[in-house]
Structure formats: structure tokens, C-alpha cells
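Residue numbers (full-length UniProt numbering), protein chains in the order written: chain A, 1 to 233; chain B, 1 to 233; chain C, 1 to 233; chain D, 1 to 233.
For every residue, glycine included, the Cβ atom is placed at its ideal position computed from N, Cα and C.
None of the values given here were measured: they were computed from a predicted structure.
One structure is given below, encoded as C-alpha cells.
There are 4 protein chains.
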Amino acid sequence: MSRYQHIQEAAYAANMQLPQLGLVLFTFGNASAADDAMGVFAIKPSGMPYADLSPAKMVIVDFDGKTVEGTLRPSSDTLTHAVLYKHWQGIGGIVHTHSTYATAWSQSLRDIPLYGTTHADHTTTSIPCAPPMSDEMIAGNYEYQTGFQIMQTFAEKKLDYHEVEMVLVGCHAPFTWGRTAAQAVYNSAVLEELARLALLTEQINTQCAIMKEALIKKHFERKHGEGAYYGQE
Amino acid sequence: MSRYQHIQEAAYAANMQLPQLGLVLFTFGNASAADDAMGVFAIKPSGMPYADLSPAKMVIVDFDGKTVEGTLRPSSDTLTHAVLYKHWQGIGGIVHTHSTYATAWSQSLRDIPLYGTTHADHTTTSIPCAPPMSDEMIAGNYEYQTGFQIMQTFAEKKLDYHEVEMVLVGCHAPFTWGRTAAQAVYNSAVLEELARLALLTEQINTQCAIMKEALIKKHFERKHGEGAYYGQE
Amino acid sequence: MSRYQHIQEAAYAANMQLPQLGLVLFTFGNASAADDAMGVFAIKPSGMPYADLSPAKMVIVDFDGKTVEGTLRPSSDTLTHAVLYKHWQGIGGIVHTHSTYATAWSQSLRDIPLYGTTHADHTTTSIPCAPPMSDEMIAGNYEYQTGFQIMQTFAEKKLDYHEVEMVLVGCHAPFTWGRTAAQAVYNSAVLEELARLALLTEQINTQCAIMKEALIKKHFERKHGEGAYYGQE
Amino acid sequence: MSRYQHIQEAAYAANMQLPQLGLVLFTFGNASAADDAMGVFAIKPSGMPYADLSPAKMVIVDFDGKTVEGTLRPSSDTLTHAVLYKHWQGIGGIVHTHSTYATAWSQSLRDIPLYGTTHADHTTTSIPCAPPMSDEMIAGNYEYQTGFQIMQTFAEKKLDYHEVEMVLVGCHAPFTWGRTAAQAVYNSAVLEELARLALLTEQINTQCAIMKEALIKKHFERKHGEGAYYGQE
Numbered sequence: 001m002s003r004y005q006h007i008q009e010a011a012y013a014a015n016m017q018l019p020q021l022g023l024v025l026f027t028f029g030n031a032s033a034a035d036d037a038m039g040v041f042a043i044k045p046s047g048m049p050y051a052d053l054s055p056a057k058m059v060i061v062d063f064d065g066k067t068v069e070g071t072l073r074p075s076s077d078t079l080t081h082a083v084l085y086k087h088w089q090g091i092g093g094i095v096h097t098h099s100t101y102a103t104a105w106s107q108s109l110r111d112i113p114l115y116g117t118t119h120a121d122h123t124t125t126s127i128p129c130a131p132p133m134s135d136e137m138i139a140g141n142y143e144y145q146t147g148f149q150i151m152q153t154f155a156e157k158k159l160d161y162h163e164v165e166m167v168l169v170g171c172h173a174p175f176t177w178g179r180t181a182a183q184a185v186y187n188s189a190v191l192e193e194l195a196r197l198a199l200l201t202e203q204i205n206t207q208c209a210i211m212k213e214a215l216i217k218k219h220f221e222r223k224h225g226e227g228a229y230y231g232q233e
Numbered sequence: 001m002s003r004y005q006h007i008q009e010a011a012y013a014a015n016m017q018l019p020q021l022g023l024v025l026f027t028f029g030n031a032s033a034a035d036d037a038m039g040v041f042a043i044k045p046s047g048m049p050y051a052d053l054s055p056a057k058m059v060i061v062d063f064d065g066k067t068v069e070g071t072l073r074p075s076s077d078t079l080t081h082a083v084l085y086k087h088w089q090g091i092g093g094i095v096h097t098h099s100t101y102a103t104a105w106s107q108s109l110r111d112i113p114l115y116g117t118t119h120a121d122h123t124t125t126s127i128p129c130a131p132p133m134s135d136e137m138i139a140g141n142y143e144y145q146t147g148f149q150i151m152q153t154f155a156e157k158k159l160d161y162h163e164v165e166m167v168l169v170g171c172h173a174p175f176t177w178g179r180t181a182a183q184a185v186y187n188s189a190v191l192e193e194l195a196r197l198a199l200l201t202e203q204i205n206t207q208c209a210i211m212k213e214a215l216i217k218k219h220f221e222r223k224h225g226e227g228a229y230y231g232q233e
Numbered sequence: 001m002s003r004y005q006h007i008q009e010a011a012y013a014a015n016m017q018l019p020q021l022g023l024v025l026f027t028f029g030n031a032s033a034a035d036d037a038m039g040v041f042a043i044k045p046s047g048m049p050y051a052d053l054s055p056a057k058m059v060i061v062d063f064d065g066k067t068v069e070g071t072l073r074p075s076s077d078t079l080t081h082a083v084l085y086k087h088w089q090g091i092g093g094i095v096h097t098h099s100t101y102a103t104a105w106s107q108s109l110r111d112i113p114l115y116g117t118t119h120a121d122h123t124t125t126s127i128p129c130a131p132p133m134s135d136e137m138i139a140g141n142y143e144y145q146t147g148f149q150i151m152q153t154f155a156e157k158k159l160d161y162h163e164v165e166m167v168l169v170g171c172h173a174p175f176t177w178g179r180t181a182a183q184a185v186y187n188s189a190v191l192e193e194l195a196r197l198a199l200l201t202e203q204i205n206t207q208c209a210i211m212k213e214a215l216i217k218k219h220f221e222r223k224h225g226e227g228a229y230y231g232q233e
Numbered sequence: 001m002s003r004y005q006h007i008q009e010a011a012y013a014a015n016m017q018l019p020q021l022g023l024v025l026f027t028f029g030n031a032s033a034a035d036d037a038m039g040v041f042a043i044k045p046s047g048m049p050y051a052d053l054s055p056a057k058m059v060i061v062d063f064d065g066k067t068v069e070g071t072l073r074p075s076s077d078t079l080t081h082a083v084l085y086k087h088w089q090g091i092g093g094i095v096h097t098h099s100t101y102a103t104a105w106s107q108s109l110r111d112i113p114l115y116g117t118t119h120a121d122h123t124t125t126s127i128p129c130a131p132p133m134s135d136e137m138i139a140g141n142y143e144y145q146t147g148f149q150i151m152q153t154f155a156e157k158k159l160d161y162h163e164v165e166m167v168l169v170g171c172h173a174p175f176t177w178g179r180t181a182a183q184a185v186y187n188s189a190v191l192e193e194l195a196r197l198a199l200l201t202e203q204i205n206t207q208c209a210i211m212k213e214a215l216i217k218k219h220f221e222r223k224h225g226e227g228a229y230y231g232q233e
């Protein structure tokens, strides 16, 4: 039995949820689960159909992207996961999908505007879209640089990655994260719905305005503030 | 056995229909069932996955929003339900969802125009969109005020809540109701389809006009007038 | 055993296909099957959920709309079916739905343009949209007049109802028919897809032109002309 | 046991995947599997419902379109398959569908622009749309000419059919191919998603630009270049 079984099981469960939630076609996505103290994460093997996965097939990789355990090649996006785990504290899981609406927003190079309370229940700002990297960064260690591009976007926009747990990578597709892999999966499904809602909102009203500050504040605090009163805890 | 079992079962059945009808993602919705004579309603516990629900978990709340029976915290939208039950007569069930198309119309701050007989089969007017509340109302008892905002919209537009059993809360999402919880669920599914139809209609014909009065009258009376001849009764 | 069992079974099977093909929400649709020689048709009872149907519950109605056998009230659209059976020869089944895209085109009061071979495989012209009736016709025997409105549209546009087996009723929704009830159901599903394709085509290319005549002719004849070579017969 | 059993089974499996992937309505599609050395391919019988298929019913046809084994009539699109197998080397399977979004792009007569990495993971160029044929070609041996029209489009646009394994036939619908029938099916599903993503991208950002060259190159090489590092081989 692997000493990494707990994160293998978490990563496996997270990966298996992606097709069930309609977030991936074929193998267009991957989820990972990290153990901060051990400095490693478990991630989907590259290009393997979801039906062929098992917890034991999850590859164990350290925060520099080096495979620690497992004979399969880890996801081609592994270095992006590694960079975020290494530099951001308290992240227990990361999910990458090419879910349709979030990917279309990524391709359009636009942030997703905050048009309603469904969005504000999860974050108080637009969902940021990281611009495409410079040609030099792309030609270099691409997936590694993708991680830094995400971090730089958060730095420039002064966003807190514990408050905004999702990003669009320009011309590519979304990444989400959370304190657990299950939370990262949840955020991927929420992002897809927010992306769809925002497009429909703009189609219904081409003059649509961002939701006003008082409502943004109220809805986020219902779920996340000190006086949060949503849920059972 | 609880003396509230009848409304707990009705509320449970209504809540369980919401994911089956594709109207909710995760826990983004709630249904309640009221007993007018007892002055109480049964409502979904807050933030609990639909798969974990049972009739006994439905929380019993009075029309002032005070929990009467049950140890779980009721839905965060409980006060909105309470206000409508208290002030509107003959309402047996209320449903709140963030269903995609109805929510997009809510975010666009537009009433849903009456473009066809599918709409007229259910109501003779546009589906009203209540404007966002003032900042003071939002900062105050938000969910309680949401109920009053809905009532005020109906008063200003001179709408009869027995004739129009649905509303869009601006920047938020829809509420529907009916003489039973099952009817409120039905209205939520109908509203979602009317919202989708109206957007598609405007996309196909950007100069689309409201349906003419004679057809509105005819279709509503087929189902609801004195000489109604739709259905088996 | 009813002497109408053959059409009851055909009508039942046709009705049950409608929700399976995603063409109806709740009870928003009805199918009938006729026996020309007997001068009657079997049709869905009004407002009854599909899950509660059985062949024996199909109501037998003559071509003047009078119930011949059965205790349930027939579909509220029965007179429209009756008029078409009475005046058009060789129709074995009729289907009415409020399927989303076809209904949106109906509400937009536009014919569905012939943009591609999927459309031409089934008909050589636009799918006609019958304009809403005069207020007098609406206030009179509405469903009866709907049948005449459809026939008049075919007469004015010089369409052959054996060649074009579908129509949009303006502000309302589609009707389709065919030599059998099964063929009418097939046509309803095809119409819904043609309606969806046409909207998407206009969204992708706002300057889109009707498909050229040579292709229209070729594709229709592949399936329907004398030298048809599609299928096994 | 037929000596063609291996391609019959491959063609059968490919055909059965089409409805499962949501790519065909009724019988609007067909898949074939070829054995280059034997100079034949197995293809779906014309107009037969997917539920009635079996491997033994797949018709064996040579690269000139002549039936070699089987009593059923082969797909009406058989000659298009035959032409491509005869003139293009190393094609093991071909799929034709009328999948919704790819068909809408075909009807719009536009190439699908390369807007993101999901697209670049599969090809480095726009997905080409072959213009409708001349009236003479249509009136002649239509399906045979469709094959040549596809080949001519690839020649004119200087595309490599091993690098771009998909095409839109103008006013008609897509064809895809690959080294195996399974790969051709995969390409059909990918094409449908790329078509949907491209439309949504243009709806979100009407000024959307083609993705820059460095990203196109990087993503294609991740999966297909000499240093490819996606997947397990």
C-alpha cells in the first residue's frame, strides 16, 4: 500500500467527477490532490481515458514536478500544477478542464464580468483571464511558465488566490483550485455555469452593467464572511 | 412521527424534483411546502446536497421565519419564503432556483416578454423582473427584504400573484410559487423554458413583437378561464 | 378489445416517443394516428402526463372532432388534427409539440430558410410559418380555425402537404404529419434539428444565403425522387 | 466467418459510437473501416437504424465503390468514402455525420478559425470548408464528386490530410478520417466541440483574433511533434 494512498484516492475521485459533471470530452482535463506536509501531489496520468483510471494509477510528483512514485507519465500539465502548489499556500487540489463555456471565454481573452449573485456567492470580482504568454515563454518550459503566468495575473490584479479560486488562461482554458481536490472540482463546475450565465446575460441585454457593490458584498459574506450563514457549519 | 410530516414529504418531493428537472447545480435552489392553517412551512436545510435529504430533514419554520422543529439550519433564503407565505394568501409551495436561462434574464434586469402561446398558457403578462433593492435594504435583513421587494413589484405592476406565479429577482434569480409545492416546481420548469424560448425568439427575429391580445386571452382561458377545456377536469 | 386498437397502439407509441426524443416538457404535445377508411383517429387525452398513458386511454375521435369511443377528454388541439385529417388525403399521423427551437421560430414569425442538405433531404422549400389568425378566427372555434389557417398557408404558398410535412403556427408552435404516426414523430424531431441548425447558421454567418437549387434538387431526390437510392428499399 | 470480419467489427464499433457521442440523429451519419492491403472497406448499410446494426451487416465495398460482399445497399455516401480511400494513403477509417455545430459551420460556408489550444492540440490551421460544387458536378455522380471536391480543397489550401483530419463540405456537413475508424470517430467528436467553441468565442468577443503562431506550434507539438510528450507513448 502506497504511503500516498490518501492523495491518490482524492485525485482519483476528483478526476472521475469531471466527466460525470460534463466538464471534459475524452481526456481533456486533469485533477490533482496535494499533501502539503509531504510536499507532493497525485495527478492523472497523461492521455489516459477516465474509464481506465484507478487510484493506484495516479502519479506522485513533487512540487518541482519530479515524479516520486509511479511508472506512468503524469499529465502534460503537471508543471503548471507543481508551480501553483509550490508558490501558493494551502492549496489541496487543482483542476484543469476545457469545459465549453469557460474555454470560450478563455479564447475570447475576456475576464468574466460579475453580473449576478450566483457569481458573487463565489467571488467578489471578475474571473480573471491571464493574457497569452510571450513567445519566449511559450517556446521555453511552457507548462512551467503557465503557472507563473497565472501567478503574475493574480499579482497584477491584486487578487487573493484564496478568495478567487479560478482563472482563465488566455487562448487556452480554465484552471481552478481549492483547499481540497473536491473543492477544486466544485469550482470548475461553478466556473462553467458562471461563464454560461455571463454570455447569456450579455445576449439578453447588450447594455448589461456589473452588479452593484452592496449586493456583491452581501452575497459573498452570506457564504464566506465572518457572519456566514449558508450551510450547516 | 412529526405532525408536520405531510408538508415535510411535500417539501422533500419538491426539492428532489429540482435536480431531476435540470433546474439546480449542486445546492443552488430550495423548495418549501406550507400548511396555511398551521402557519408553518417545511423547507430544505441550508447547503445540503440533494442526495443527503430526507423528509425528516426538512426544517419546520413559522411565517415569521422562526424554526419550530428540526435541528438543521434552514435554507438561507428562508425569510423570503416566510414573507411571501405570511402576506400572500393560498400559497402552498415556493421554489427558488438559479436555473440557467431564468437567472440570465434576472441578471439582465429585463422582464421576459410574452412572445407566444407557451407563455400565454401560463400567464397573460410579461414575467416581471423585480429591480435590485436599495443599498440600505441589502445591508439590512436581506432575505426578508427580498420578499418585500417581490411584493412591491407585484403591487407596482398591478399583478395578481395567483395569476402570475413567478418572478425574477433582479441580479439574482427566479422565485416561483403555487397552490402546492408540486405546482411551484412545475412553474419553475415552465419559467426556465419560457426564458429560453424568449431569448431564442429575439435571436431569430430582432424585431420581434409581443403576441397580440386576442391570442393571449384565448390561450390563457383554454387552461385557466371559466370555460377552460384543457386537462381532464 | 377495441376495434380501434391498431390506431390506439400507434398513437400511444407516437406519444411516448415525444419525451424520449426531448420534444416535450410535461404535457406540451400530442400525437394522433388515423384510420382513413374508418374515418377516425386516436389521440392523447388532454393534459395527461406521458407516464400515465396507455393504448386504451387514447381517445377515438371522428374527422369532425366528435368523440366516438373513450371517456377521457381528448387533447385540446383535437379539432386541428380533425380538420387536417378531413381535408388532406393520405395522412396517417399528426404530431404537435412545443419543441424549443421550432417554437422559437414560430414565435419569431419567420419561415425556416433552407440552408443545407440536412433540410433538403426532407423538403425542397423553406418550412412555412402560418401567420397568426385574425381576432375573429381566434375568438371563434380556435383549434378548428388553426387547421384551416395551416391549409390556407399551404394553398397560398402553393405547397404540397405530401412534400412538406411540417408547419410552424405563428406565435404558437409546430405541427408535423406523415403517412404514419411514426413518420410524423420523425418529422417533429427533424424539424427541431432544422430549426436549431438554421439559427446557428445565421449566427455564424449573418450574410448566409439559401442553398442553391441544384443541391436542393439532388438531395431531395436522393431520398424521395424516382431514382431514390437512400435506405434499403 | 467473413474474411472481412476485422473491418466489419471496426466499422460496427465506430458506427455505434456515433449516437453514444451525440453526433447523429436517427440515421444521419455513417462510419467505415478500411483494409488498405485488401483494397476494401466495411461501411454502414444505408438508412438503417443504429439499433438494428451488427458487424455482419456492414457492407464490404472496394475502393471503386463496388460492393464485394453483403446483400444490403451500402450508405448513400459510399462513393465519397471510396474516393478518399483510393486517393489518400494510410486512411483506416472515415466518418460522416450531420453533428449540429459542425453542420451549422458547413451551412455558413466558413472555415472554422483557430481560436485556442483545444483546436491547436489537433491541427495547426483553420478547419477547411470545401465550397459547394458546380451544378454540373452535382448533377453528375454527386457522392463521387464530393470526394474530389474534398481533395481539391486540400490541394488548393495546401493542406496535409494526415495533419488535418477533418473537413466541412459546404452546405452539407463534416467528414473526418484517421489511421483507424476509432480515430475518425474521435475526430468527429473533437470537430463538433471545436465548432461549438468557435461560435461561442465569436459571440463573447466579436473582435476575436486567431491564436498566435507560437502557441499553435507549441500545442500541436505537445501531441504530435517529434518531441511529443502527451499520452503514455
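- By the beta-carbon neighbour count (other beta carbons within 10 angstroms, threshold 16), B/P49 is exposed.
- Counting only Cβ-Cβ distances below 7 Å, C/F148 has no contacts in chain B at all, with the closest Cβ about 16 Å away.
- Under a 10 Å Cβ-count criterion, C/A34 is classified as buried, with 16 or more other Cβ atoms of the shown protein chains found around its own Cβ.
- By the CB criterion at 9 Å, A/A195 and A/S46 fall outside the cutoff.
- Within the segment 122–145 of chain B, P132, D135, I138, A139, Y142 place their CB atoms closer than 7 Å to a CB of chain A, listed in sequence order.
- Any Cβ of chain C closer than 9 Å to the Cβ of B/Y161 would place that residue at the interface, and such an atom is absent.
- For D/L168, the enclosing beta strand (DSSP E) covers residues 166–169.
- Residues of the segment 11–44 of chain A with a C-beta atom less than 8 Å from some C-beta of chain D are L25, F26, F28, listed in chain order.
- By the Cβ rule, the segment 23–43 of chain C counts as touching the segment 53–60 of chain C, because three or more pairs are nearer than 8 Å.
- DSSP places A/W177 in the uninterrupted beta strand (DSSP E) bounded by 174–178.
- For the pair B/L18 and B/S188, the CB atoms are nearer than the 9 Å cut-off.
- Put simply, the backbone Cα of C/T80 is about 32 Å away from that of C/M211.
- Burial state of A/K218 is buried, judged by a 10 Å Cβ sphere holding 16 or more other Cβ atoms.
- Residue-level contact check: D/L84 does not touch chain A, since none of the beta carbons of chain A fall below 9 Å from its beta carbon.
- D/G147 counts as buried, since at least 16 other C-beta atoms from the protein chains shown sit within 10 angstroms of its C-beta.
- Around the beta carbon of D/E213, fewer than 16 other beta carbons sit within 10 angstroms, so the residue counts as exposed.
- Contact between the segment 142–156 of chain A and the segment 97–115 of chain A is absent: fewer than 3 CB-CB pairs across the two stretches fall below 8 Å.
- Comparing alpha-carbon positions, the option among B/T201, B/K223, B/A173, B/I216 lying closest to C/A102 turns out to be B/T201.
- Remark: C-beta atoms of D/T124 and D/I216 approach each other more closely than 9 Å.
- Ranked by Cα distance from B/Y115, the first of C/I204, C/R3, C/D135, C/A104 is C/A104.
- Beta-bridge partners assigned by DSSP to A/F41: A/A34, A/V61.
- Out of C/Q20, C/R179, C/I204, C/V83, the CA that lies nearest to the CA of C/Q152 is found in C/V83.
- Proximity of chain D to A/S106 at the Cβ level (cut-off 7 Å) is accounted for by G116, in chain order.
- D/I204 and B/E9 have their alpha carbons spaced roughly 44 Å apart.
- For chain D, the residues of the segment 201–216 of chain C that bring a beta carbon within less than 7 Å of one of its beta carbons are T201, Q203, I204, N205, C208, M211, K212, A214, L215, in chain order.
- For a cut-off of 8 Å, the C-beta gap from D/S106 to D/A173 is around 5 Å, short enough to register as a contact.
- The beta carbon of B/G47 falls within 9 Å of a beta carbon belonging to chain A, placing the residue at that interface.
- Of the residues assessed, D/T206 falls on the exposed side of the cut-off, its CB having fewer than 16 other CB atoms within 10 angstroms.
- Within chain B, the residues placing a beta-carbon under 9 Å from that of A/Y186 are F26, ordered along the chain.
- Using a Cβ distance threshold of 9 Å, C/L159 and C/C129 do not count as a contacting pair.
- The beta carbon of B/M137 lies closer than 6 Å to those of Q145 in the same chain, with the five residues before and after it left out.
- Ranking D/T176, D/T180, D/A209, D/M38 by CA distance to the CA of D/E192 puts D/T176 first.
- Membership of D/H224 in any beta strand (DSSP E) is not indicated, and neither H nor E is assigned to it by DSSP.
- Distance from the Cα of D/T97 is smallest, within the candidate group D/L23, D/R179, D/K157, D/P55, for D/L23.
- The continuous stretches of alpha helix (DSSP H) do not include D/H122, and DSSP gives it neither H nor E.
- Each residue's CA atom was taken as its position, placing A/T27 and B/Y12 some 37 Å apart.
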